[in-house]
Amino acid sequence: METTQYGHLLIDGFGVSLRKRRGRILILSKGEKKEIPMKSVKEVVIIGKAALSSELLKALAQSGADLLIATPTGRPVARLIPAKAGGTARNRYEQYKSLEDGRGIEIARAVIVGKIRNQASNLSYYSKARRMDEELSSELYDAAQQLKREMEELKNEEFPDIDEARRRIMARESKCANIYWEKIASIMEEWKFRGREKRTDLEGNVIDPVNLCLNVCYNLLSAQIWKNVLRFGLDPFLGYLHVERSGRISLVYDLMEPFRPMVDRFVFSYLRGMSPSLFSSNIVSGTIASLRSRFFSDFMNWRLDYKGRKLGMETIMFLYVRDIVSFLRGGKEPTMPYIPW
Numbered sequence: 001m002e003t004t005q006y007g008h009l010l011i012d013g014f015g016v017s018l019r020k021r022r023g024r025i026l027i028l029s030k031g032e033k034k035e036i037p038m039k040s041v042k043e044v045v046i047i048g049k050a051a052l053s054s055e056l057l058k059a060l061a062q063s064g065a066d067l068l069i070a071t072p073t074g075r076p077v078a079r080l081i082p083a084k085a086g087g088t089a090r091n092r093y094e095q096y097k098s099l100e101d102g103r104g105i106e107i108a109r110a111v112i113v114g115k116i117r118n119q120a121s122n123l124s125y126y127s128k129a130r131r132m133d134e135e136l137s138s139e140l141y142d143a144a145q146q147l148k149r150e151m152e153e154l155k156n157e158e159f160p161d162i163d164e165a166r167r168r169i170m171a172r173e174s175k176c177a178n179i180y181w182e183k184i185a186s187i188m189e190e191w192k193f194r195g196r197e198k199r200t201d202l203e204g205n206v207i208d209p210v211n212l213c214l215n216v217c218y219n220l221l222s223a224q225i226w227k228n229v230l231r232f233g234l235d236p237f238l239g240y241l242h243v244e245r246s247g248r249i250s251l252v253y254d255l256m257e258p259f260r261p262m263v264d265r266f267v268f269s270y271l272r273g274m275s276p277s278l279f280s281s282n283i284v285s286g287t288i289a290s291l292r293s294r295f296f297s298d299f300m301n302w303r304l305d306y307k308g309r310k311l312g313m314e315t316i317m318f319l320y321v322r323d324i325v326s327f328l329r330g331g332k333e334p335t336m337p338y339i340p341w
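Every letter in the sequence shown is one number past the one before it in UniProt numbering, and letter 73, counting from 1, is 73.
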């Protein structure tokens, strides 16, 4: 239960109790006690079952620390939103207005352009890593070039309104996803991976470990984007690509798109050298607990170039959403996070 470099405190287990004690977080678990300075914690992530005192909740809200409640598969359930939450009413007003004046179309286009570019980057990376297999390397390279052509076409496509833009952009995204996942399947054959499945089961027999790991990490990713959306006062339920539906954080799902291929690269690296036996029904929970921990310790600390600066993923996500808000308020078009390769 150590905090990561960026102050994530992951509470992953059962029968844990958290209280406030003189500027510190007291953690009680199975007869053991541990204290962590409140000032070192930027986010508390509760996975499993834990009891939190009301004094600790108040202290977290007052300090500006985030609190996330998630399921064992990482799906965000709730967040603590302080009364003094950041952002302004104008940010949300501009978000609503942008659905009608063309800015929403540009954001919708930008996030999918960013996603396709990062998918192409992944395929280029795996093409170079598999030079010993000329046929596979060539197929991956050709697919990467095809995605780049689709991306360039999308950059120049014109749309009459947000509804038409949503329909055509998502159709192109789906086409690129089919190309991408077909080639990813060819490099993940040892895992019997046949393509993306959004539904996986952590209980009982796990048929597809790759999809399970991807879904867990996508869930954790959505929670991190959600955190920054709330920080800037945006409406998480009003998206540009994903239509509004009760309980769906549509804007979050929009803005996480460019980061999905980054998660893919992280998951494939995590699985390298592992055995499918680690996903058998009796020990899969422990394997996924390790993945969740690695997401916060490794993925969220991954350093990439963003606008000419080498920054950690945590910082990049914050600046990325800040750029979206700046664009809504009259600034330049937002820069999409990019995997350089």
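The beta-carbon is built from N, C-alpha and C at its ideal position, and this holds for glycine as well.
- Lys34 to Leu57 span [Cα, whole Å]: Position 34 of the sequence shown, counting from 1, holds the residue named residue 34. Position 57 of the sequence shown, counting from 1, holds the residue named residue 57. When rounded, the separation of the alpha-carbon atoms in Lys34 and Leu57 is 18 angstroms.
- Query: Is it a yes or a no for the region 143-159 touching the region 288-305, going by three-plus beta-carbon pairs under 8 angstroms?
  - Reply: The region 143-159 makes no contact with the region 288-305, as fewer than three CB pairs between them are under 8 angstroms.
- Item | Inter-residue spacing [alpha-carbon to alpha-carbon] between Leu28 and Gly104 | The residue you call residue 28 lines up with position 28 of the sequence shown. The residue you call residue 104 lines up with position 104 of the sequence shown. The C-alpha of Leu28 lies about 47 angstroms from the C-alpha of Gly104.
- Query: CA-CA distance, Ser246 and Ser138?
  - Reply: The residue given as residue 246 occupies position 246 in the sequence shown. The residue given as residue 138 occupies position 138 in the sequence shown. Roughly 45 angstroms separates the two Cα atoms.
- Roughly how many angstroms separate the alpha carbons of Met274 and Leu154, rounded to a whole number? Taking the sequence shown and counting its residues from 1, one reaches residue 274 at position 274. Taking the sequence shown and counting its residues from 1, one reaches residue 154 at position 154. Going by the C-alpha atoms only, they are around 38 angstroms apart.
- Query: If you compare alpha carbons, which of Pro72, Arg21, Glu32 is closest to Ser53?
  - Reply: Start at 1 with the first residue of the sequence shown, and residue 53 comes out as number 53. For Ser53, the closest of Pro72, Arg21, Glu32 by C-alpha to C-alpha distance is Arg21.
- Item | Neighbourhood of Arg79 by C-beta distance below 6 angstroms, restricted to the same chain and skipping five residues each side | Counting from one through the sequence shown, the residue named residue 79 turns up at place 79. Excluding positions up to five away in sequence, the list reads Leu68.
- Query: Taking the alpha-carbon positions, what's the residue 343 to Pro236 distance?
  - Reply: A query on residue 343 cannot be resolved here, the shown segment of the chain reaching from 1 to 341 and no further.
- List the endpoints of the continuous alpha helix (DSSP H) containing residue 345. The chain is shown from 1 up to 341; residue 345 falls before or after that span and cannot be answered.
- Query: Between which two residues does the beta strand (DSSP E) harbouring Tyr306 extend?
  - Reply: On the sequence shown, residue 306 is found 306 positions in, with the first residue counted as 1. In the DSSP assignment, Tyr306 falls within the beta strand (DSSP E) that extends over 303-306.
- Message: Short of 6 angstroms in beta carbon distance, which residues of its chain neighbour Ile324, apart from the five on each side in sequence? Order them along the chain.
- Response: Residue 324 sits at position 324 when you count from the first residue of the sequence shown. For Ile324, same chain residues with a beta-carbon under 6 angstroms away, outside a window of 5 residues either side, are Pro334 in chain order.
- Query: Ile339 by DSSP, collapsed to three states: which one?
  - Reply: For this step, residue 339 is matched to residue 339 along the sequence shown. Looking at Ile339 - three-state DSSP - the assignment turns out to be coil, as it is neither helix nor strand.
- Based on the DSSP output, what are the partners of His8 in its beta bridges? By 1-based counting over the sequence shown, the position of residue 8 is 8. Looking at the DSSP output, His8 bridges to Glu43.
- Item | Closest residue to Arg292 among Arg322, Phe327, Pro340, Cys213 (Cα-Cα distance) | Residue 292 sits at position 292 when you count from the first residue of the sequence shown. The shortest C-alpha separation from Arg292 is found at Cys213.
- Query: Is the Cβ-Cβ distance between Val229 and Val321 less than 8 angstroms?
  - Reply: For this step, residue 229 is matched to residue 229 along the sequence shown. For this step, residue 321 is matched to residue 321 along the sequence shown. The answer is yes: Cβ separation under 8 angstroms.
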